[in-house]
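Numbering (our numbering), first residue to last: 13 to 475. C-beta: ideal position from N, C-alpha, C; glycine also.
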Ligand SMILES: [Zn+2]
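Structure (structure tokens):
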């Protein structure tokens, strides 16, 4: 392909981005990439090659956005200019759009490194195009049922992606996830991360929503010394001896402080550091350890990691704190059973009983089939939720689910309109009580949009 064609692709993409913005049609996070790739199909590969320090790809069911943002923050503090598909546009077109936004028409890219979150299923294609320097594999949870069907299918795609990596590429993976470990453990250049502190374990048995209970080598159930989150933990197969790999970087001495964050010790090959974060929940400890492992691999210092983690502000919907009419509102995205259970645990670890708005949509990005709600342990709300306002397209299904979870009928308010639901939640608050808003993905975007119009939050593409 000629450079002329690359230039035309960049121009077409940039024009469409300008047009989308001029029309006020949104954040232009994907469409410019689609347009540009229609003109110059190998645009992703060619622009990616111009990044002096290469690309880092981050994938996994839960935590991609926060991990990528943390890494971008750390690298930025180290003086690297990152290009990042920030708004969660994590298919090839979204990554192309992010690169386009920082490219000149002659194909020069204004950035040192690409930090791209990648949809789990799109990984082989993106690896093939971008030839990343580092690949971060987070976790594999069963997502909404109709999206990929089987997490084993996604694992096979990841195996395929690993085969396509360049010889000098490095894989960083979550050793606490047996399926992810099975995908990556034989890769020659691999580093691992996980949780070393068994005091934060949930127990030694997997919960109902857990995936990946059986040894991928021989089919025997794993024996867990500690279950941290879903099927993540310290595990061993007594039949074939397969066990959690040794941790390169680990979180130790973990102290969870509910919705306000946590403190822990980061144990790394270059030393230990006490880390404080306002990101809530154990799932964010994983995200921080993942980002730290990648940042240290790329040559940043532990001190820098610690500073950026301390100052980090959550991404939209990931524990973000908003003030509405003097009340504190926390937005916690919950998009699959394992993720939802963690969010509920985090919310319930603070003052109880709680007031929550639960917003459930069933658009493509949420999963069209809401039967996954039955895999979430809403039963834990039974004694501890004073009022639940259910909203979104599938508000009715959610109300039924809460009723079966044992919440008294008078504690459940059905309000399909999201804006009225938020106000209804606020009206139910006692002085000083926070409101927890727990939306699925598109419900979160809708609520963000509503709040942005009222001036409570910035439009997410301005983040
Ligand atoms: Zn085994």
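Straight across, the Cα-Cα distance linking residue 298 with residue 150 is about 8 Å.
Here residue 305 has 184, 203, 205, 260, 261 as same chain residues with Cβ atoms under 7 Å from its own Cβ, once five neighbours each way along the sequence are excluded. If the five residues before and after residue 19 are omitted, its C-beta is found closer than 6 Å to the C-beta atoms of 117, all from its own chain and listed in chain order.
In this chain, the alpha helix (DSSP H) harbouring residue 436 covers 430–439.
Around the beta carbon of residue 155, 16 or more other beta carbons sit within 10 angstroms, so the residue counts as buried. Taking the CA atoms as reference points, residue 279 sits about 33 Å from residue 453.
In terms of CA proximity to residue 291, 342 leads the group 415, 115, 342, 315. Within the same chain, and ignoring the five residues on either side of residue 235 in sequence, the residues whose Cβ sits closer than 6 Å to its Cβ are 248, 250. Under the three-state reduction of DSSP output, residue 247 falls in the strand class. With a threshold of 16 other beta carbon atoms within 10 Å, residue 232 falls short and is exposed.
Residues close to ligand 1 by the beta carbon criterion (under 5 Å to any non-hydrogen atom) are, from first to last along the chain, 227, 229, 230, 249, 251, 252, 254. For residue 410, the enclosing alpha helix (DSSP H) covers residues 407–416. Going by DSSP, residue 353 is part of the alpha helix (DSSP H) stretching over 349–360.
Around the C-beta of residue 194, 16 or more other C-beta atoms lie within 10 Å, and the residue is accordingly described as buried. Excluding its 5 nearest sequence neighbours in each direction, residue 286 has C-beta neighbours in its own chain below 6 Å: 277, listed in chain order.
When secondary structure is reduced to three states using DSSP, residue 276 falls in the strand class. Secondary structure at residue 403: strand, using DSSP grouped into helix, strand and coil.
Remark: C-beta atoms of residue 121 and residue 59 approach each other more closely than 9 Å. In the DSSP assignment, residue 255 forms a beta bridge with 248.
Here residue 264 is bridged, per DSSP, to 277.
Assignment of beta strand (DSSP E) within the stretch 310–393, counting only whole runs of 3 or more residues, yields 330–336, 339–344, 366–371 in chain order. For residue 190, the uninterrupted alpha helix (DSSP H) run begins and ends at 190–196, by DSSP. Residue 398 holds the alpha-carbon nearest to the alpha-carbon of residue 440 among 171, 398, 85.
Counting along the chain, residue 286 sits inside the beta strand (DSSP E) bounded by residues 283–289.
Annotation: the continuous beta strand (DSSP E) that includes residue 449 extends over 447–451. Residue 183 has 147, 202 as its beta-bridge partners, per DSSP. Residue environment: residue 226 is assigned as exposed (fewer than 16 neighbouring CB atoms within 10 Å of its CB, all protein chains considered). For residue 126, the enclosing beta strand (DSSP E) starts and ends at 125–129. Remark: C-beta atoms of residue 94 and residue 138 do not approach each other more closely than 9 Å.
If you draw a straight line from the Cα of residue 321 to the Cα of residue 372, it is about 31 Å long.
Secondary structure at residue 234: coil, using DSSP grouped into helix, strand and coil.
Around the C-beta of residue 376, fewer than 16 other C-beta atoms lie within 10 Å, and the residue is accordingly described as exposed. Annotation for residue 139: no beta strand (DSSP E) segment contains it, though the alpha helix (DSSP H) segment containing it runs 135–142. Pairwise C-beta distances place the stretch 172–191 out of contact with the stretch 78–93, as fewer than three of them are shorter than 8 Å. Residue burial is scored here from C-beta neighbours: residue 67 has at least 16 other C-beta atoms within 10 angstroms and is therefore classed as buried.
Assignment of residue 91 by DSSP, reduced to helix, strand and coil, places it in the coil class.
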